[in-house]
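Each residue of the sequence shown is one higher than the one before, starting from -2 at the first, in our numbering.
See below for the structure under consideration.
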Amino acid sequence: MAKKENLPSLAIYVVSGQASTRLNIKRFLQKKNHEVFSAASGKELINLDKDFLGNLIIADSFLPDMPIVELLTHIRENRRLMKDIADIDFIPSIVVAGNNEKLDEATLKKLGMLARINKPINFNELGEVLNQIIRGELYLEQDDRVSIGILDPEKRAVQYLAKLLESDDVRIHSMYDVFDLRGLLNDGQKLDLLLVETLALTEEPESLFPLIKQANPKADIVVLTAFADEEETATLKKLGVREIMTKPIKPMQIRQLVRKIVAEKLG
């Protein structure tokens, strides 16, 4: 007899305008020991997600108050606005749709859709999809946005830069010390551009910057500093620093530089 696979549980949002659909999915998930948060509309789910309760969405494609694309876009924007708390732009989703229903699957996949389940729901199929997600066999498509890290010990400075540089073609990682940066590198996350305030560097650039280049060979580093003499400038340039910007830095100056680098990365 095959040994039963012991898989971890998830916290799952279930959203549908049909009470019977919500109830049937909820009962199935609870039997699998998953935690379930139910919503009868897109607006209700958006309010739930303000507390970051779920790490997977099972959504009916037909909601009473908004299209499914609009819902998943709202969820993504909510996560982006609160990225200091939850550094993820969207959460994976399973979309339940009619057998002949046409969906904009390309857009939905960009918003986190991992699978489509047709109605009437085959719960064996749903269970297998969940198992594949938990085992890491189904995952989000690679993010093709330019990944920008902002490293500054001043939280308000990080928040200001993040807002200034915000764009649909970039993903911003907010970091406040070298430990945050090392955590990002250790997680294997892509880093295309690092904006670093020298006050955040508790390690010498000679030891830290090569690690960044080793993990992300094509990464650009821009140093923000109150002062850099000729010797320091020469050292930083030898370490592969692209630009050294001396404070006070005009907002449009740094935005123009970043947009130039983003265009190169996407080009």
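Just so it is clear, CB atoms sit at the ideal spot from N, CA and C, and this is done for glycine as well.
Coil, strand or helix - E125 by DSSP: helix
Boundaries (first-last residue) of the beta strand (DSSP E) holding I145: V143 to L148
Bridge partners - V93, DSSP secondary structure assignment: D57 and I114
For G180 and V259, the rounded distance between their alpha carbons: 23 Å
D217, DSSP secondary structure in three states: strand
Among I147, T222 and I65, nearest to A103 - alpha-carbon criterion: I65
Closest by C-alpha distance to M63, when choosing among V219, L208, E41 and E125: E41
Distance cut-off 8 Å: Q129 Cβ against heavy atoms of the ligand ZN: No copy of the ligand ZN occurs in the structure displayed, which carries no ligand at all.
8 Å Cβ shell around Q15 - same chain, five flanking residues per side excluded: D57
First through last residue of the alpha helix (DSSP H) which encompasses Y10: Looking at the DSSP string, Y10 is not in any alpha helix (DSSP H); the run it does join, the beta strand (DSSP E), is A8 to V12.
Which of helix, strand or coil DSSP assigns to H31: coil
Cα-Cα separation between S144 and H170, rounded to whole angstroms: 7 Å
Continuous beta strand (DSSP E) stretch holding M172: start and end: V167 to M172
Cβ neighbour criterion (16 or more within 10 Å) applied to K262: buried
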